[in-house]
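2 protein chains.
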Amino acid sequence: MNIAFIGLGTMGAPMATRLLQAGHRLTVHNRTRGREEPLAALGAARAASPAEAAAKAELVFTMVSDTPDVRQVVLGEQGAIHGMASGSVLIDMSTISPAATREIAAQLVERGIEMLDAPVSGGSEGAKQGTLSIMVGGQAEVLARVRPALEALGKTITLVGPIGSGQVTKAINQVIIAGTYAAVAEGMTLGLAAGIDLEAAQQALASGAAGSWVLTQRAGNMIQNRYPLGFRVRLHLKDLGIAREAARELGVPIPVAGYVEQLEVGLIKRGYGDEDVSAIARAVREAAGLT
Amino acid sequence: MNIAFIGLGTMGAPMATRLLQAGHRLTVHNRTRGREEPLAALGAARAASPAEAAAKAELVFTMVSDTPDVRQVVLGEQGAIHGMASGSVLIDMSTISPAATREIAAQLVERGIEMLDAPVSGGSEGAKQGTLSIMVGGQAEVLARVRPALEALGKTITLVGPIGSGQVTKAINQVIIAGTYAAVAEGMTLGLAAGIDLEAAQQALASGAAGSWVLTQRAGNMIQNRYPLGFRVRLHLKDLGIAREAARELGVPIPVAGYVEQLEVGLIKRGYGDEDVSAIARAVREAAGLT
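Same order as they appear, the protein sequences are chains E and A. Following our numbering, the numbering of the first sequence begins with 1 at its first residue and continues without gaps. Following our numbering, the numbering of the second sequence begins with 1001 at its first residue and continues without gaps.
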């Protein structure tokens, strides 16, 4: 397919590379233009703006940092909307507000452009290996048309509802992760204070009802109080902010996620924003005087 | 071995049955004496008191409801301590206070009696099938002596530290379960309010960093707002009370577990104490007006 890819950061660059390697014709654009060069070296065309990148594309991907960035690259003065043809499709893979997603889609549809929201989990490693989990909101027939391109990027592609539903699912993901980290951190801190053999306890607990990816994969970080990346605290906080706003609009109280958000605010202030999100345990440990 | 088993409730009765079936000579006692009859029919001797049951036993199991019950059947006027010989071993498999466990062990050791604390997870089904997870506190050489008996009851037997450590591990288990349920309940409630395809979202999330036993096994309950047993809310609340006291003694704040404890207080007041602990989601849903 003729594809435009806008946003060549930690996630976008390896994703665009995979699309090229899958044989698609790719035009790339990035605000910091230098980041286009490695893709150009692999055969991608470069464009000076999102609108220019989108001009010949059947399919436009956006993978940028936050809600205002998506608004800018899609609807801004040089936004993709000004280049896209009627009948083309925009897939936003950023993690942004579900409500803003619906607003953007409404503006696109007036020009005959379809939109899917398709945020991902699986991190930069999943982006490189094409093993992302992709949560898609939008129409099934639109997804069917673009699925071959998405299959270059992810191993599970799940349609979860109408436009915006992918972002809701990503918000749910971050809310569940927040609470699960807090739960495991409280348990581990209790065990550290009691002086039990925590590695043995972790193994005994992991196969039962307390079991989770967090307990199996990240309790070791908590025991050692070392939090190598992983997924940065400051990015999780950004995503929790989106989840909090979405939850508020829907009238859903999420007190545990709200508590974790506050822990993360403190972690960032104290210089831990670039640690892995398992550093939530750092805050829980510190509250018990275990430093 | 010559074994006494005290406490023939939902957990104790199937456990005692398995010990009999494994070929041990068993004497049983239960406060409500009628519960001894099915075991007697299988070949167990009956005793009128814990002391009498313990009189010829190398090994005494206790499996009763709460801390005061263990104190009563071990240290009370007719307690096992008055029948046990020097060199015999008491294994308490109840879920009780770690601090009380250490106090009881201290009194036993004055009579030359060893103690292990060995609370379990896996429920009545695990008790029937001998697949419990057993978290053991105490001395390794004592565990080695009694391990053959424990192997009739559980598939994983993990030594987690000195006396009381099994109870700490069980407390950690309940704290982690509390927070994980709250986390998944917040996520599911957000999805319900947004009207997305939650079964699809659950599947997409379960294999990633948000994955847990709770998400895989119990999110369906939350979506349907039906909470069949399982493990009762009122029993989890009892265990969280033990965890809260242990955490307080150790100076460890556990705010998420404390919040879930309060949700459970409300659930019991409203008549949901005998639902499965996944009913934590009932409270989270209700707070969002989703009934």
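We treat Cβ as the ideally placed atom computed from N, Cα and C, and that holds for glycine.
Quick check on residue i - is its C-beta less than 8 angstroms from some C-beta in chain A?
{"i": "residue 172 of chain E", "result": "yes"}
{"i": "residue 215 of chain E", "result": "yes"}
{"i": "residue 95 of chain E", "result": "no"}
{"i": "residue 91 of chain E", "result": "no"}
{"i": "residue 156 of chain E", "result": "yes"}
{"i": "residue 159 of chain E", "result": "yes"}
{"i": "residue 133 of chain E", "result": "yes"}
{"i": "residue 190 of chain E", "result": "yes"}
{"i": "residue 261 of chain E", "result": "no"}
{"i": "residue 117 of chain E", "result": "no"}
{"i": "residue 201 of chain E", "result": "yes"}
{"i": "residue 250 of chain E", "result": "yes"}
{"i": "residue 37 of chain E", "result": "no"}
{"i": "residue 204 of chain E", "result": "yes"}
I need the boundaries of the alpha helix (DSSP H) containing residue i, first residue and last residue.
{"i": "residue 1169 of chain A", "result": "1165 to 1194"}
{"i": "residue 1022 of chain A", "result": "Segment: none, residue 1022 of chain A is in no alpha helix (DSSP H) and carries neither H nor E."}
{"i": "residue 1287 of chain A", "result": "1280 to 1287"}
{"i": "residue 1146 of chain A", "result": "1140 to 1150"}
{"i": "residue 260 of chain E", "result": "255 to 269"}
{"i": "residue 1032 of chain A", "result": "Neither: residue 1032 of chain A is in no alpha helix (DSSP H) and is coded neither H nor E."}
{"i": "residue 1215 of chain A", "result": "1213 to 1224"}
{"i": "residue 1050 of chain A", "result": "1050 to 1054"}
{"i": "residue 1204 of chain A", "result": "1198 to 1206"}
On the CB-based measure, 16 or more other CB atoms within 10 Å of its CB, does residue i come out buried or exposed?
{"i": "residue 313 of chain E", "result": "Given that chain E is displayed from residue 1 to residue 291, the structure contains no residue 313 of chain E and the question cannot be resolved."}
{"i": "residue 34 of chain E", "result": "exposed"}
{"i": "residue 1226 of chain A", "result": "exposed"}
{"i": "residue 73 of chain E", "result": "buried"}
{"i": "residue 32 of chain E", "result": "exposed"}
{"i": "residue 70 of chain E", "result": "buried"}
{"i": "residue 109 of chain E", "result": "exposed"}
{"i": "residue 170 of chain E", "result": "buried"}
{"i": "residue 1086 of chain A", "result": "exposed"}
{"i": "residue 1291 of chain A", "result": "exposed"}
{"i": "residue 1106 of chain A", "result": "exposed"}
{"i": "residue 1285 of chain A", "result": "buried"}
{"i": "residue 229 of chain E", "result": "exposed"}
{"i": "residue 1068 of chain A", "result": "exposed"}
{"i": "residue 224 of chain E", "result": "exposed"}
{"i": "residue 210 of chain E", "result": "buried"}
{"i": "residue 148 of chain E", "result": "exposed"}
{"i": "residue 270 of chain E", "result": "exposed"}
{"i": "residue 187 of chain E", "result": "buried"}
{"i": "residue 1122 of chain A", "result": "buried"}
{"i": "residue 16 of chain E", "result": "buried"}
Nearest-angstrom Cα distance between residue i and residue j?
{"i": "residue 1100 of chain A", "j": "residue 1257 of chain A", "result": "21 angstroms"}
{"i": "residue 1197 of chain A", "j": "residue 1127 of chain A", "result": "37 angstroms"}
{"i": "residue 1009 of chain A", "j": "residue 1050 of chain A", "result": "15 angstroms"}
{"i": "residue 136 of chain E", "j": "residue 59 of chain E", "result": "15 angstroms"}
{"i": "residue 1168 of chain A", "j": "residue 183 of chain E", "result": "15 angstroms"}
{"i": "residue 1278 of chain A", "j": "residue 38 of chain E", "result": "50 angstroms"}
{"i": "residue 1236 of chain A", "j": "residue 1083 of chain A", "result": "33 angstroms"}
{"i": "residue 1124 of chain A", "j": "residue 1130 of chain A", "result": "10 angstroms"}
{"i": "residue 1096 of chain A", "j": "residue 1117 of chain A", "result": "9 angstroms"}
{"i": "residue 199 of chain E", "j": "residue 220 of chain E", "result": "8 angstroms"}
{"i": "residue 1078 of chain A", "j": "residue 1156 of chain A", "result": "33 angstroms"}
{"i": "residue 240 of chain E", "j": "residue 1146 of chain A", "result": "49 angstroms"}
{"i": "residue 218 of chain E", "j": "residue 247 of chain E", "result": "27 angstroms"}
{"i": "residue 1162 of chain A", "j": "residue 1113 of chain A", "result": "15 angstroms"}
{"i": "residue 1056 of chain A", "j": "residue 178 of chain E", "result": "53 angstroms"}
{"i": "residue 151 of chain E", "j": "residue 22 of chain E", "result": "9 angstroms"}
{"i": "residue 1280 of chain A", "j": "residue 1181 of chain A", "result": "7 angstroms"}
{"i": "residue 1043 of chain A", "j": "residue 1232 of chain A", "result": "32 angstroms"}
{"i": "residue 193 of chain E", "j": "residue 64 of chain E", "result": "42 angstroms"}
{"i": "residue 47 of chain E", "j": "residue 2 of chain E", "result": "14 angstroms"}
{"i": "residue 1098 of chain A", "j": "residue 1208 of chain A", "result": "35 angstroms"}
Tell me where the beta strand (DSSP E) around residue i begins and ends.
{"i": "residue 1238 of chain A", "result": "That residue, residue 1238 of chain A, is in no beta strand (DSSP E); its alpha helix (DSSP H) goes 1233 to 1250."}
{"i": "residue 1002 of chain A", "result": "1002 to 1006"}
{"i": "residue 159 of chain E", "result": "154 to 161"}
Does any residue of chain E have a CB that is nearer than 8 angstroms to the CB of residue i?
{"i": "residue 1227 of chain A", "result": "no"}
{"i": "residue 1253 of chain A", "result": "yes"}
{"i": "residue 1163 of chain A", "result": "no"}
{"i": "residue 1012 of chain A", "result": "no"}
{"i": "residue 1125 of chain A", "result": "no"}
{"i": "residue 1146 of chain A", "result": "no"}
Does residue i have its Cβ less than 8 angstroms from a Cβ in chain C?
{"i": "residue 207 of chain E", "result": "Considering every chain present, this structure includes no chain C. Its protein chains are E and A."}
Completely contained alpha helix (DSSP H) runs for the stretch 1108 to 1135 of chain A, where each covers 4 or more residues: 1123 to 1129
4 or more residues per run - each alpha helix (DSSP H) lying fully within the stretch 58 to 103 of chain E: 67 to 75
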